[in-house]
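Residues in the sequence shown are numbered consecutively from 473, following the numbering used here.
Beta carbons are placed, not taken as given, at the ideal position from N, Cα and C, and that holds for glycine.
As the structure is a computational prediction, the values presented were derived from the model and not from experiment.
Accompanying notes for the structure given below.
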Amino acid sequence: MANQSKRPDSSTSQGLLWLFGAILVIQGFGSAITEAGWDTSFGVAGLMRAAHMPEWTTLLVGIAGLVLLGMAARRHHVTRRADHHP
């Protein structure tokens, strides 16, 4: 039997990166589009308006989501390459 090094279970953290990234992209950019088009806010934008934050902060939430999705994609790519090349 081959001695395999056991990696810590990163599937949960990988899944959470995808999930939180998608949520932040939808909330951030969706809120910005909704506010611009229909003068109403929902989700993160509603909370930010209640906290008297500028309108552009919803775009920052969307960008943070893109960063998380980029991190998840990079981890996925690196993991797949490591699994295929010993």
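Where residue i sits in the DSSP three-state scheme
| i | result |
| --- | --- |
| W583 | This structure cannot speak to residue 583, because the chain is shown only from 473 to 558. |
| R552 | helix |
Limits of the unbroken alpha helix (DSSP H) element including residue i
| i | result |
| --- | --- |
| T506 | 483 to 510 |
| A523 | Premise fails: A523 is in no alpha helix (DSSP H) and is neither H nor E. |
Nearest-angstrom beta carbon gap, residue j and residue i [assumed within contact, 8 Å]
| i | j | result |
| --- | --- | --- |
| G500 | G537 | 6 Å |
| G493 | A554 | Not a contact, Cβ separation roughly 22 Å. |
| S503 | G515 | 6 Å |
| M520 | T530 | 6 Å |
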